[in-house]
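For reference, the structure discussed in these notes is given below.
Number of protein chains: 2
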Amino acid sequence: MPRSSPAHLAEVRERILAGAERAFRAGGYRGASIPAIAAEAGVSVGLIYRYFRSKEELFLAVCEERTEAQMNELAALLGPMRDTRQRLETAIDFFVRSLAEQGWGAIVIQALAEADRNPRLRDMLIRLTEQERGFAAMFIREAIAGGEISPDVDIEALSLAVAMLLHGAVAHQAERGEAWDPDGVARAISVLLERALGG
Amino acid sequence: MPRSSPAHLAEVRERILAGAERAFRAGGYRGASIPAIAAEAGVSVGLIYRYFRSKEELFLAVCEERTEAQMNELAALLGPMRDTRQRLETAIDFFVRSLAEQGWGAIVIQALAEADRNPRLRDMLIRLTEQERGFAAMFIREAIAGGEISPDVDIEALSLAVAMLLHGAVAHQAERGEAWDPDGVARAISVLLERALGG
DNA sequence: AGATCATGAATGATCGTTCACTTTGACGGC
DNA sequence: GCCGTCAAAGTGAACGATCATTCATGATCT
């Protein structure tokens, strides 16, 4: 492959992103040094700065591309489904499973820890939360339409609570590390949501 | 006050802890340097190492003493109360209010971000979660005793969900920063919990 | 040949920690 | 009551390591 083809450039960029993700997950945002990221990605230190303006920009790119991919995947998964109960179970299962398999929860926690000093990271996290609230509000409206819960429920408050519950699961994984129990977390979310959304 | 009296030593230790808490909150665990902490506390760099063996130990002390104080305060607050509904409202209000006023949520997020590389921080966080689960399980058992929810509910799963919800609120505060809405968060938690614990 | 991709040593700043040093105050002999 | 002594409290410059970023140089393509 020619070194200057667009495909090659995209591949190098993706290799840097993948190496950076591993390094950030292992050492945290501050703890992952540029030399360490370069070694993990198999490129030189200088090359990283041809693809990203700074470490901050690189971390932002990792966060955005990964969370966006997760959200798109979930939306595609739910698209053809019709039954509300099945959709809810699928969404919870997807969330917990991708948390377990991809381990992107650690990245979100790192972003949270830096959000206080980085407006762009904060904006990214707020967009993520709003997307989760959007999913939650959709399920709530379906439950209302299905007559499972009262139409005068506070959708704003309830969808915020659901989004916070999901972020709590992310925090729980960060807290437990290797020893976390995806099935237990999925069961916990299901029990609470099915009680609240009418089971 | 004599420089070598126990009271003076305790006061200096507390001043270092308070300065460190401010510095950690402003800059994060990694971002708060020992010189910055020393300046914030009004002591010299060297003195910090007379009271704490390392930066890690200092951060651990900040986390433990603050979270322990919060938990004791909540337990004392709930102690004399009898009515379950009132106890639940008090607990939620205390949690959200202390999150808003003390701003200790940012410290917890920093601890979460470091837990992967620090077993003692992880243990501290796990103990905190287990205490929150203990409170949650207490409320669930009261709701069962009061006949508000079925006796065959999965207490383990439900109490875990409640603890995750609370940690989600901590994450939400870290995400929103100065712009967060304590009343909205309290309403969200109340709506979800009262629906789930029988309202 | 010229343009772009890629390298990694060099730079200046900053970090956590140490330690030689000064200041303070409790105490025993007078 | 006074003073000399000494352990402990407190200081901050110095140290070696490491950081994010740059740039002079080389490699590879058109």
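Residue numbers (numbering that gives the first Met the number 0), protein chains in the order written: chain A, 0 to 198; chain B, 0 to 198.
Where a beta carbon is used, it is the ideal one built from N, C-alpha and C, also for glycine.
All values reported here derive from a predicted model rather than from experimental measurement.
The three-state secondary structure of I33/B, taken from DSSP, is helix.
Taking 7 Å as the upper bound on Cβ-Cβ separation, chain A lies near residues D153, A156, L157, L159 of the region 147-159 of chain B. The residue from H171/B, R175/B, E147/B, L165/B with its alpha-carbon nearest to that of G197/B is E147/B. Where S158/B is concerned, the enclosing alpha helix (DSSP H) starts and stops at 154-175.
Taking a beta-carbon distance threshold of 7 Å, A114/B counts as an interface residue toward chain A. The beta carbon of F93/B sits closer than 8 Å to the beta carbons of E72, L73, L76 from its chain, once the five residues preceding and following it are set aside; these are given in chain order. Of all residues in the region 104-133 of chain A, the ones placed with a Cβ closer than 8 Å to any Cβ belonging to chain B are A105, I108, Q109, L111, A112, E113, A114, D115, R116, R121, L124, I125, T128, in chain order. Between the region 19-28 of chain B and the region 166-186 of chain A, the count of Cβ pairs shorter than 8 Å is below three; the stretches do not touch.
Contacts with chain A at 7 Å (Cβ-Cβ) do not include M70/B.
Within a 10 Å sphere around the beta-carbon of S53/A sit fewer than 16 other beta-carbons, which makes this residue exposed. By the CB criterion at 7 Å, E39/B and R12/B fall outside the cutoff.
Restricting attention to V190/A, R24/A, R84/A, G102/A, the CA atom closest to the CA of E141/A is found in R84/A. Pairwise C-beta distances place the region 50-66 of chain A out of contact with the region 159-172 of chain A, as fewer than three of them are shorter than 8 Å. Within 8 Å of the CB of A173/A, the CB atoms of chain B belong to L111, A112, A114, D115, in sequence order along the chain. Counting C-beta atoms within 10 angstroms of its own C-beta, R116/B has fewer than 16 neighbours from the protein chains shown and is therefore classed as exposed. If you draw a straight line from the Cα of Q109/B to the Cα of R86/B, it is about 30 Å long. L111/B sits close to A170/A, with the two beta carbons spaced by under 7 Å. Contact note: L164/B reaches chain A through A160, M163, L164, G167, L191, using a C-beta cutoff of 8 Å and chain order.
R121/A is classed as buried because its beta carbon has at least 16 other beta carbons within 10 Å across all chains shown.
Ranked by how close their Cα comes to the Cα of L16/A, the residues S32/A, I47/A, A168/A have I47/A in first place.
In the three-state reduction of the DSSP assignment, R21/A falls in the helix class, which pools H, G and I. Contact between A173/B and A105/B holds: their C-beta atoms lie close to 6 Å from each other, under 8 Å. The three-state reading of DSSP puts F51/B in coil, since its state is none of H, G, I, E or B.
In the three-state DSSP reduction, M137/A falls in the helix class (H, G or I). At a cut-off of 7 Å between beta carbons, G176/B contacts chain A.
Look at the region 93-142 of chain A and you find these whole runs of alpha helix (DSSP H), each 4 residues long or longer: 104-114. Assigned with DSSP and collapsed to three states, E39/B falls in helix.
Between the beta-carbon of I139/B and that of I154/B there is about 5 Å, and that keeps the pair under the 8 Å contact cut.
Residues of the region 9-37 of chain B that bring their beta carbon within less than 9 Å of a beta carbon in chain A comprise R24, A25, G26, G27, Y28, R29, G30, in sequence order.
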